[in-house]
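A.B. asks: Dropping a structure here in structure tokens format, bear with me for questions.
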Amino acid sequence: MLKPILCGAFALVLAVSCGSKVQTGRERLLNCLQASVDAGKILYGHQDDLCYGHAWTVEDPANDPLDRSDVKDVCGKYPSMLGLELGEIELGGERSLDAVPFLLIRRAAVKQVERGGVVTFSWHPRNPLMGGTAWDNTDGVVTSILEGGENHAKFMGWMQILGDFFDTLRDADGKRIPFIFRPWHEHTGDWFWWGQSHCTTEEYVALWKMTYDYLAGERGFDNIVWCYSPSMNVDASGYMERYPGDEMIDILGLDAYTYKEEERGIEVACADFRDQLTATLEYMVPLGKKHGKILALSETGLEGICAPTWWTEALYPAIKDYPVAYALTWRNACDKPEHFYGPWKGFEYEDDFKAFAEKDNIVLL
Ligand code: BMA
Numbered sequence: 086m087l088k089p090i091l092c093g094a095f096a097l098v099l100a101v102s103c104g105s106k107v108q109t110g111r112e113r114l115l116n117c118l119q120a121s122v123d124a125g126k127i128l129y130g131h132q133d134d135l136c137y138g139h140a141w142t143v144e145d146p147a148n149d150p151l152d153r154s155d156v157k158d159v160c161g162k163y164p165s166m167l168g169l170e171l172g173e174i175e176l177g178g179e180r181s182l183d184a185v186p187f188l189l190i191r192r193a194a195v196k197q198v199e200r201g202g203v204v205t206f207s208w209h210p211r212n213p214l215m216g217g218t219a220w221d222n223t224d225g226v227v228t229s230i231l232e233g234g235e236n237h238a239k240f241m242g243w244m245q246i247l248g249d250f251f252d253t254l255r256d257a258d259g260k261r262i263p264f265i266f267r268p269w270h271e272h273t274g275d276w277f278w279w280g281q282s283h284c285t286t287e288e289y290v291a292l293w294k295m296t297y298d299y300l301a302g303e304r305g306f307d308n309i310v311w312c313y314s315p316s317m318n319v320d321a322s323g324y325m326e327r328y329p330g331d332e333m334i335d336i337l338g339l340d341a342y343t344y345k346e347e348e349r350g351i352e353v354a355c356a357d358f359r360d361q362l363t364a365t366l367e368y369m370v371p372l373g374k375k376h377g378k379i380l381a382l383s384e385t386g387l388e389g390i391c392a393p394t395w396w397t398e399a400l401y402p403a404i405k406d407y408p409v410a411y412a413l414t415w416r417n418a419c420d421k422p423e424h425f426y427g428p429w430k431g432f433e434y435e436d437d438f439k440a441f442a443e444k445d446n447i448v449l450l
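If you count by the numbering used here, then the sequence shown holds residues 86 to 450, one letter each, in order.
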């Protein structure tokens, strides 16, 4: 049986069943991303794009048609990659840490895949030891949730809730949809409880293994593509220091932001970002080849996009010549007007985003 899968602007016909070997959702999604990379394309992604925007929210999560998008408002197309965040699902409530109903998140994920796009999930779980948020960055939390730790059972309960949610992500035929999962990101920094100085390399890798073994093994999720995503504050050896291993990772990601600093001015900040991102991709390309992994810019952006040409003169030149499967800009918070990373209608530099979106190798839906 052959089934067309739309990946961004072009359709790929992938064998769902080649001879006797049936491809898993993970393999199909990876093949799709690889084909896109081979065609020189970069998917454009936006976090929470269908769930809310800079100046709007969804009134009725159960019935909303999911046709609103800040990106679409500006350039007429949905992003080909949709990022969604599952923080606080582990508490068993109805809304995420960003107050988005999980019902809406589920519907958005399924809709995105129905439209031929790709979905990536992040998860910022709370601190299971101290009770604070993911940013409650105390030491010893990872130790406490690994096997033998005092919070192991509690944390496995959290993963069960996460797994139960993943199990509801199904297409119209009742089949689990393929998606990217990107837990334990930016661990090369210290801001999360799983960060660099809060656990050892062995503990970090054990955390990944526990997550992978539970979801891919025990729960049998063969529709998950696994993304590793350090922050852009490391060299090649720092990048790989806590790499969980080829068997657990499919995508070598990178979280890379432009940071404003009063003193040096935004132009210098943009130039630094471009140079640092290029230098990082220079070492990621051989790592991707050596390990046989796809590369991605798993998070990027400039908060409030206060540079007139950030899209076309900072982001685009840094990535355009590299085999990056996708670049995902962070969310447009509806309750914090200055906290946006994607375009929105009426935003003063929206034309620069349009110019970026019109580049030949940038893919929207
Ligand atoms: C951060 C900010 C927060 C948000 C978190 C998880 O970067 O956007 O406001 O709660 O991501 O989505």
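We treat Cβ as the ideally placed atom computed from N, Cα and C, and that holds for glycine.
All of these numbers come straight from a predicted model, not from anything done at the bench.
#1: Determine the direct distance from the alpha carbon of residue 351 to that of residue 391, and round the result to whole angstroms.
#2: Taking only three categories from DSSP, how would you classify residue 188?
#3: Quick check on residue 376: buried or exposed, where buried means 16 or more other Cβ atoms within 10 Å of its Cβ?
#4: Looking at residue 421 and ligand 1, is the gap between the Cβ and the nearest heavy atom below 8 Å?
#5: Under 9 Å between the Cβ atoms of residue 412 and residue 128?
#6: In this structure, does DSSP put residue 88 in helix, strand or coil?
#7: I need the boundaries of the beta strand (DSSP E) containing residue 381, first residue and last residue.
#8: Taking buried to mean at least 16 other C-beta atoms within 10 Å of its own C-beta, is residue 448 buried or exposed?
#9: Report the option in 114, 199, 378, 134 whose CA atom is closest to the CA atom of residue 325.
#10: On the criterion of 16 or more Cβ atoms from any shown chain inside 10 Å, does residue 126 qualify as buried, or is it exposed?
#11: For residue 93, which three-state DSSP category applies?
#12: Please name the residue or residues paired with residue 267 in a DSSP beta bridge.
#13: Does the beta carbon of residue 207 fall short of 8 Å from some heavy atom of ligand 1?
#14: On the DSSP bridge list, what partners appear for residue 168?
#15: So for residue 102, helix, strand or coil by DSSP?
#16: I need the DSSP call for residue 180, collapsed to helix, strand or coil.
#17: Thinking just about the alpha-carbon of each residue, which of 205, 395, 137, 444 is nearest to the one in residue 356?
#18: Can you tell me whether residue 343 is buried or exposed? The criterion is at least 16 other CB atoms within 10 Å of its CB, across all chains shown.
#19: Compute the beta-carbon to beta-carbon distance between residue 383 and residue 314, rounded to the nearest angstrom, for a pair I have assumed lies under 8 Å.
#20: My output table needs one value for residue 70: the three-state DSSP class, helix, strand or coil.
#21: Measure the CB-CB distance between residue 372 and residue 317 and report whether it falls below 9 Å.
#22: Report the residue from 203, 151, 432, 209 whose alpha carbon sits nearest the alpha carbon of residue 272.
#23: Let me confirm a value: residue 280 is counted as buried when at least 16 other C-beta atoms fall within 10 Å, else exposed. Which label applies?
#24: Given 8 Å as the limit, is there contact between the stretch 198-218 and the stretch 134-150, that is, 3 or more CB pairs closer than that?
#25: Going by CA-CA distance only, name the one from 347, 239, 234 that's closest to residue 177.
#26: According to DSSP, is residue 415 part of a helix, a strand, or is it coil?
#27: Do you know how far the Cα of residue 164 is from the Cα of residue 157?
#28: Measure the C-alpha to C-alpha separation of residue 365 and residue 320 and round it to an integer number of angstroms.
#29: Identify the continuous beta strand (DSSP E) that holds residue 309 and give its terminal residues.
#30: At what residues does the beta strand (DSSP E) containing residue 340 begin and finish?
#31: Tell me whether residue 276 is buried or exposed, calling it buried when 16 or more other Cβ atoms sit within 10 Å of its Cβ.
#32: If you reduce the DSSP assignment to three classes, tell me which class residue 228 lands in.
C.D. replies: Judging by the given coordinates:
#1: Walking along the sequence shown from the start, residue 391 turns up at place 306. Walking along the sequence shown from the start, residue 351 turns up at place 266. Spanning the two alpha carbons is a distance of roughly 8 Å.
#2: Mapped onto the sequence shown, residue 188 falls at position 103. It is helical.
#3: Counted from its first residue, the sequence shown places residue 376 at position 291. Flag for residue 376 reads exposed.
#4: Position 336 of the sequence shown holds residue 421. Answer for residue 421: yes, Cβ within range of ligand 1.
#5: Your numbering for residue 412 matches position 327 in the sequence shown. Your numbering for residue 128 matches position 43 in the sequence shown. A contact, by the Cβ cut-off of 9 Å.
#6: Numbered from its first residue, the sequence shown carries residue 88 at position 3. A caution first: residue 88 carries a pLDDT of 42, below 50, which makes its placement in the model unreliable, though a value can still be read off. Correct three-state label for residue 88: strand.
#7: To locate residue 381, count along the sequence shown from 1; it is residue 296. Run containing residue 381: 379-386, per the beta strand (DSSP E) assignment.
#8: Taking the first residue of the sequence shown as 1, we reach residue 448 at position 363. By the neighbour-count rule (16 or more Cβ atoms within 10 Å), residue 448 is buried.
#9: To locate residue 325, count along the sequence shown from 1; it is residue 240. Residue 325 has its Cα closest to that of 378, out of 114, 199, 378, 134.
#10: In the sequence shown, residue 126 corresponds to position 41, counting from 1. It counts as buried.
#11: Here residue 93 refers to the residue found at position 8 of the sequence shown. Because the pLDDT at residue 93 is just 44, under 50, the model does not fix this residue reliably, and the value given afterwards should be weighed accordingly. Three-state DSSP puts residue 93 in coil, outside helix and strand.
#12: For the purposes of this step, residue 267 is taken as residue 182 along the sequence shown, with counting starting at 1. Answer is 207, bridged to residue 267.
#13: For this step, residue 207 is matched to residue 122 along the sequence shown. At least one heavy atom of ligand 1 is nearer than 8 Å to the Cβ of residue 207, so yes.
#14: Mapped onto the sequence shown, residue 168 falls at position 83. As DSSP reads the structure, residue 168 sits in a beta bridge with 132, 205.
#15: As a working note, residue 102 is residue 17 in the sequence shown. The predicted position of residue 102 is uncertain, since its pLDDT is 43 and thus under 50; no value can be drawn from it.
#16: Here residue 180 refers to the residue found at position 95 of the sequence shown. The answer is strand: DSSP assigns residue 180 an E or B state.
#17: The residue given as residue 356 occupies position 271 in the sequence shown. It is 395.
#18: Position 258 of the sequence shown, counted from the start, is the residue given in the question as residue 343. Taking a 10 Å sphere around the C-beta of residue 343, we find 16 or more other C-beta atoms and assign the residue as buried.
#19: On the sequence shown, position 298 is the one that residue 383 refers to. On the sequence shown, position 229 is the one that residue 314 refers to. So it is a contact: roughly 4 Å between Cβ atoms.
#20: A query on residue 70 cannot be resolved here, the shown segment of the chain reaching from 86 to 450 and no further.
#21: Counting from 1 along the sequence shown, the entry for residue 372 is found at position 287. Counting from 1 along the sequence shown, the entry for residue 317 is found at position 232. When the beta-carbon positions are compared, residue 372 and residue 317 stay at least 9 Å from each other.
#22: Here residue 272 is taken as the residue at index 187 of the sequence shown, counted from 1. Checking every option, the nearest Cα to that of residue 272 belongs to 209.
#23: Mapped onto the sequence shown, residue 280 falls at position 195. Classification for residue 280: buried.
#24: Contact fails between the stretch 198-218 and the stretch 134-150, because fewer than three Cβ pairs, one in each stretch, are under 8 Å apart.
#25: In the sequence shown, counting from the first residue as 1, residue 177 sits at position 92. Comparing Cα-Cα distances from residue 177 to each of 347, 239, 234, the minimum goes to 239.
#26: By 1-based counting over the sequence shown, the position of residue 415 is 330. Three-state DSSP puts residue 415 in coil, outside helix and strand.
#27: What you label residue 157 is simply residue 72 of the sequence shown in a count that begins at 1. What you label residue 164 is simply residue 79 of the sequence shown in a count that begins at 1. Those two C-alpha atoms are separated by around 7 Å.
#28: In the sequence shown, residue 365 corresponds to position 280, counting from 1. In the sequence shown, residue 320 corresponds to position 235, counting from 1. Cα to Cα, residue 365 sits roughly 7 Å from residue 320.
#29: Against the sequence shown, residue 309 aligns to sequence position 224. That run of the beta strand (DSSP E) goes 309-313.
#30: For the purposes of this step, residue 340 is taken as the residue at position 255 of the sequence shown. Counting along the chain, the beta strand (DSSP E) containing residue 340 begins and ends at 336-342.
#31: Position 191 of the sequence shown, counting from 1, holds the residue named residue 276. By the neighbour-count rule (16 or more Cβ atoms within 10 Å), residue 276 is not buried but exposed.
#32: Counted from its first residue, the sequence shown places residue 228 at position 143. Helix at residue 228.
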